[in-house]
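The next block holds one structure in the form of structure tokens; read it before the comments.
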Amino acid sequence: MPFLTTPRYSEFGLDSKGNSRLQITDLFPNKSQSNAVITPRFQGPYNFRPVDALAPALVALPVLDVALDIAEEVSGLAAYFLAVVEDDANTTHITPAQARDIASDMTARMQFGLPLRLIEINTSIEGVVGAGSELTNAGGSESTGSVLEVLQILCGAKTFTLPVGHSIGDDGNANAFTPFADADTQASAFSDVEGYTSIPSTHNSFYLSARSGQIKRAQLSLNTNNLPVLVAYDDDGSVVK
Amino acid sequence: MPSPVICIRDASIKNGSLMVKDLFPNRSLANPSIDPAPQGPRYLRVVETPTLPVLDGTVIAQTVSGLSAYLLVTLDLQAGGANITPAQAEEIALDLITEMRAGNSLTLAEINDVIQDANNPNLNATGLGLGDSTATVNNILQILGGATFTLGAGHDLEDANNAPQFMSEDNQASSFSDFHNPIVFEDSSFWISLAQGDLSGLKSSRTVNNVVLDPYVVVYDGTGIPQV
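Shown next, in the form of structure tokens:
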């Protein structure tokens with residue numbers, strides 16, 4: 001499914017009361033014209049409800065105790081990379097600082113509307129941690145994770161949380177990385193964000209908007225710092241524009 | 001997915017003479033406040049006649065547009081790190097237009113066959129994806145579909161160190177005219193038109209006075225495979 005996010009949260013994110021400040025109206029059918037009996041369920045207007053992708057909270061530095069367990073509950077992208085990426089060269093967990101560096105790379109790319117495909121995410125991981133540590137076992141490590149999960153966190157569809165006591169390494173075994181037990185356990189670390197409406201990947205008018213309508217214009221509308229109003233990602237991390 | 005492309009086969013047709021009406025939403029009915037950006041009617045454009053680019057040394061001497069200009073700045077001669085010549089670019093462009101007008105497939109392999117079969121010598125190892133070539137199948141198809149690609153006067157085929165350079169995909173994208181409006185791959189009304197509507201008729205053979213004539217258009221998917 002595609003995702004929308006913004007690097008200009010203070011202008012286009014939620015207001016102080018939690019209400020959406022940006023509405024996309026060129027999606028079909030629009031609620032004002034749809035007939036509940038004979039038209040598809042309305043897709044517009046779409047109230048844009050992102051997370052603040054540039055807020056410190058999204059890349060909060062996880063804190064570990066001496067047993068390599070999470071000392072304080074932590075959410076966000078840095079927590080995610082800490083929990084899913086193995087340092088392949090040393091067969092250990094990565095450090096919280098490395099996890100934060102990778103997460104910061106992701107948000108920096110999003111700021112300028114750059115793609116976040118597996119190749120870009122893995123290039124960042126290689127740059128920070130080293131070759132072999134890529135997501136999805138690509139480098140032969142025990143790393144898990146996926147583009148979809150990165151986008152879900154970055155674009156406010158899901159919250160990823162590591163509870164106190166979650167182990168990311170074995171201090172009795174040379175700090176060996178402790179991955180999630182299985183995919184279901186990893187999935188259970190995600191929780192839905194209230195108010196977020198997912199965009200179906202079969203939603204034609206979303207792509208019409210992203211490639212030739214309001215979302216396209218929003219992606220091309222840059223402020224003086226060259227930051228666009230919106231960034232639209234497809235589920236493989238490519239930019240839809 | 002790269003955008004599909006509609007190319008006009010019939011050389012007698014002028015720009016804007018053919019219109020595809022049945023795309024959704026149609027501009028005449030679309031409400032800009034609540035409807036998607038209009039996709040129809042789509043006026044079809046013919047491919048530009050290739051022009052021989054004029055060089056002053058390695059610099060484009062006068063503004064030139066079309067497929068030959070595109071090939072000149074994106075093809076790596078014999079994968080050896082040099083640009084092809086303007087004459088080679090023009091010949092390849094004419095050959096590709098001939099293939100399109102015949103309704104033939106123009107995938108990467110087939111475009112490379114056309115390039116390597118050109119009568120100019122020393123092109124048998126030149127092609128898309130070979131050496132430093134930056135040309136793409138979809139951009140070639142877009143130009144065959146009437147998109148205007150323009151090289152301004154002063155564009156240098158070499159960089160500051162006098163080494164040949166090939167135009168990056170980002171720069172290629174910005175060299176297309178603003179009115180270039182690619183078809184949205186996800187637009188279901190395009191595919192419905194192709195299967196059952198206006199485009200289905202335009203891409204089908206027609207019989208006039210008991211003579212079977214070629215279709216008006218050929219429709220390629222983004223990778224150069226004609227849609228039948």
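Chains A and B, in that order, are what the protein sequence lines are.
Read in order, the letters of the first sequence correspond to residues 1 to 241 in the numbering used here.
Read in order, the letters of the second sequence correspond to residues 1 to 228 in the numbering used here.
Glycine included, each C-beta is placed from N, C-alpha and C at the ideal position.
Check: Status (buried if at least 16 other CB within 10 Å, exposed otherwise) for K216 (chain A); Outcome: buried
Check: Interfacial residues, the segment 197-221 of chain A to chain B, with Cβ spacing under 7 angstroms; Outcome: N204, S205, Y207, L208, S209, R211, S212, G213
Check: C-beta contact flag for E120 (chain A) and R109 (chain A) at 8 angstroms; Outcome: yes
Check: Residue ranges of each alpha helix (DSSP H) within the segment 120-160 of chain A, 4 or longer; Outcome: 147-154
Check: Endpoints, the beta strand (DSSP E) within which T207 (chain B) is located; Outcome: 206-208
Check: Residue from B:E99, B:A147, B:A93 whose Cα sits closest to the Cα of S3 (chain B); Outcome: B:A147
Check: Buried versus exposed, by CB contacts within 10 Å (16 or more), M1 (chain B); Outcome: exposed
Check: Outcome for N112 (chain B) when other beta-carbon atoms lying within 10 angstroms are tallied against a minimum of 16; Outcome: buried
Check: Three or more C-beta pairs below 8 angstroms linking the segment 137-150 of chain A and the segment 15-32 of chain B; Outcome: no
Check: Element boundaries [alpha helix (DSSP H), containing T136 (chain B)]; Outcome: Counting along the chain, T136 (chain B) falls outside any alpha helix (DSSP H), and DSSP gives it neither H nor E.
Check: Host beta strand (DSSP E) of S174 (chain B) (start-end); Outcome: Per DSSP, S174 (chain B) belongs to no beta strand (DSSP E); it is in the alpha helix (DSSP H), 169-174.
Check: Under 9 angstroms (Cβ pairs) to chain A, residues found in the segment 151-172 of chain B; Outcome: none
Check: Short Cβ contact (8 angstroms threshold) for A82 (chain B) with P215 (chain B); Outcome: no
Check: 9 angstroms Cβ cut-off: residues of chain B touching Q33 (chain A); Outcome: N31, I34, D35
Check: Same chain, Cβ closer than 6 angstroms to V64 (chain B), neighbours up to 5 away in sequence not counted; Outcome: T51, P53, L151
Check: Residues of the segment 186-214 of chain B with Cβ closer than 9 angstroms to any Cβ of chain A, in chain order; Outcome: E186, D187, S188, S189
Check: Sequence-distant residues of its chain with Cβ nearer than 8 angstroms to M100 (chain B) (five each side left out); Outcome: C7, R9, V47, L106, L144, V218
Check: Stretch-stretch touch, CB-based, cutoff 8 angstroms, three pairs: the segment 96-110 of chain A with the segment 189-197 of chain A; Outcome: no
Check: Check whether G66 (chain B) and A109 (chain B) have beta carbons under 8 angstroms apart; Outcome: no
Check: Cutoff 8 angstroms: Q142 (chain B) Cβ touching any chain A Cβ; Outcome: no
Check: C-beta contact flag for A79 (chain B) and L123 (chain B) at 8 angstroms; Outcome: no
Check: M19 (chain B), buried or exposed, once every other Cβ within 10 Å from all chains shown has been counted against 16; Outcome: exposed
Check: CB contact below 8 angstroms: V64 (chain B) versus chain A; Outcome: no
Check: For R21 (chain A) and D15 (chain A), the rounded distance between their alpha carbons; Outcome: 6 angstroms
Check: Local Cβ density within 10 Å of V128 (chain A), reported as buried at 16 or more and exposed below that; Outcome: buried
Check: Under the three-state DSSP convention, the category L14 (chain A) falls into; Outcome: strand
Check: Contact check, D101 (chain A) vs H93 (chain A), beta carbons under 8 angstroms; Outcome: no
Check: Which listed residue (A:S238, A:A97, A:A189, A:Q23) has its alpha carbon closest to that of V59 (chain A); Outcome: A:A97
Check: Host beta strand (DSSP E) of T74 (chain B) (start-end); Outcome: Unbroken run through T74 (chain B) is the alpha helix (DSSP H), 67-74; no beta strand (DSSP E).
Check: Segment limits, beta strand (DSSP E) that includes V37 (chain A); Outcome: Careful: V37 (chain A) lies outside any beta strand (DSSP E) and carries neither H nor E.
Check: Sequence-distant residues of its chain with Cβ nearer than 8 angstroms to S205 (chain B) (five each side left out); Outcome: V212, L213, D214, P215
Check: V211 (chain B), enclosing beta strand (DSSP E) - first and last residue; Outcome: 211-213
Check: Beta bridge counterpart(s) of I6 (chain B) as assigned by DSSP; Outcome: B:V219
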